[in-house]
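Per this note's numbering, the sequence shown runs over residues 146 to 445. Read the structure below first, then the notes.
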Amino acid sequence: RLFVLPLEQVIDEYTKVELRSLASVPLRLSRDQLEQLVTRAVEQHWSYDGDYYFISNNCAVETLKLLRSGTGDPQLQALDSILPNGLLQLMDARGLADTSVLDDPREALRLGYRFDSFRERYQAMFGVLRQRLPIPQGSVEAWLEQPAEDRRQWFSQADLRASAALLLLEQAALRRQLLLAQDELKQRYLSGRAAGDPNLNKAGSALEQILANSGFLSRPAELLDGGYGLPQHSEWQGLENRSRERQQQLRQLSDELDGEVRKLLEPGRLLELEANEANLLALGEHLRALHKASGGLELP
């Protein structure tokens with residue numbers, strides 16, 4: 146299904162969690178084509194429901210379909226690509242995409258056409274640690290792969306600058322643990338290995354209700370009793386009321402799921418997650434103490 150996500154959320158997931166860079170490339174479209182494309186995207190989002198296949202029906206394939214039906218540009222009819230980079234290269238060669246905005250990396254970053262991976266920033270913070278502490282790890286990846294308790298032993302030796310670097314890296318470690326926990330929960334739930342587990346059954350029930358009640362977020366047409374196309378003016382009030390009710394139900398279910406989900410984690414993963422959170426609290430206290438000792442105002 147199609148989801149509309151906040152741009153900042155997508156950027157954070159790629160650059161801070163997955164440590165991958167992103168590029169935003171403008172399309173060369175007329176005003177009419179642009180308006181047609183937006184309208185077509187809304188129409189597809191309203192009632193889209195399909196299957197994802199890694200080769201034959203992936204993000205590049207779906208994007209090309211949308212561009213074809215949304216713009217009506219004859220140059221797109223002969224294109225065929227199953228990889229995002231390949232599709233971009235073909236569109237650039239036909240003058241349909243403007244990749245020149247990426248020629249100057251610094252300018253592209255300043256103007257919001259490029260979003261760099263945080264890997265370089267984390268490595269820079271790791272460099273600060275190596276200058277100030279005798280840590281044995283040679284890369285930021287090796288540092289983050291350590292158990293949280295092993296990282297904690299260096300906190301008391303860190304000065305103000307090193308502690309700030311440790312805090313940033315510990316936040317990165319927590320994002321990594323949350324991503325691993327998310328994948329672990331997904332695999333455990335889908336595989337059914339924990340069938341009969343009362344915690345899984347309770348959380349699974351909440352999750353199933355969330356999935357059942359959140360379909361309208363990706364396929365809002367299900368809020369209507371029938372028909373096709375975009376809703377008419379007379380239908381909007383009923384849609385808003387039903388949408389508001391669904392959102393309230395989702396908030397309640399989400400709170401219930403949050404209360405149960407940690408019980409589903411493997412003991413080792415839960416301990417590491419809690420140790421990571423304890424590290425952040427300890428670093429916060431250490432930073433406040435160092436700041437006060439250096440003559441700064443006491444921080445809350």
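Where a beta carbon is used, it is the ideal one built from N, C-alpha and C, also for glycine. Values in this document were obtained by computation on a predicted structure and should not be read as measured data.
Checklist entry - Considering only residues of the same chain and omitting the five flanking positions on each side of residue 378, which have a CB-CB separation below 7 Å? => result none
Next on the checklist: For residue 203, tell me which candidate among 235, 423 and 227 has the shortest Cα-Cα distance.
Outcome noted: 227
Checklist entry - By a C-beta neighbour count over all protein chains shown, 10 Å radius and 16 as the cutoff for buried, is residue 215 buried or exposed? => result buried
Next on the checklist: Helix, strand or coil, according to DSSP, for residue 474 in the structure here?
Outcome noted: A question about residue 474 goes unanswered here, because the residues of the chain that appear run from 146 up to 445.
Item to check | First and last residue of the uninterrupted alpha helix (DSSP H) at residue 196 | outcome: Per DSSP, residue 196 belongs to no alpha helix (DSSP H) and is neither H nor E.
Next on the checklist: Please report the distance separating the alpha-carbon of residue 312 from that of residue 186.
Outcome noted: 41 Å
Checklist entry - Sorted by chain position, which residues of the same chain lie with C-beta nearer than 8 Å to residue 417's C-beta, five sequence neighbours on each side aside? => result 292, 293 and 322
Next on the checklist: Quick check: the Cα distance between residue 465 and residue 152, rounded to an integer number of angstroms?
Outcome noted: Residue 465 lies beyond the residue range present for the chain, which begins at 146 and ends at 445; the question has no answer from this structure.
Checklist entry - Exposed or buried, residue 154, counting other C-beta atoms within 10 Å across all chains shown (16 or more means buried)? => result exposed
Checklist entry - Across which residues does DSSP place residue 172 in a beta bridge pair? => result 242
Checklist entry - If you run the structure through DSSP and keep just helix, strand and coil, what is residue 165? => result coil
Item to check | Start-to-end residues for the alpha helix (DSSP H) that takes in residue 265 | outcome: 264 to 277
Next on the checklist: Residues in the same chain with beta-carbon distance under 8 Å from residue 463, minus the five sequence neighbours each way, listed in chain order, please.
Outcome noted: Nothing in the structure corresponds to residue 463, since the chain is present only between 146 and 445.
Checklist entry - Around the Cβ of residue 150, are there at least 16 other Cβ atoms within 10 angstroms (buried) or fewer (exposed)? => result exposed
Checklist entry - Can residue 325 and residue 391 be called in contact, C-beta distance under 8 Å? => result no
Checklist entry - Can you list, in chain order, the residues of its chain whose CB lies under 6 Å from that of residue 260, leaving out five sequence neighbours each side? => result 156, 160 and 167
Checklist entry - Below 8 Å between beta carbons: does that hold for residue 179 and residue 242? => result no
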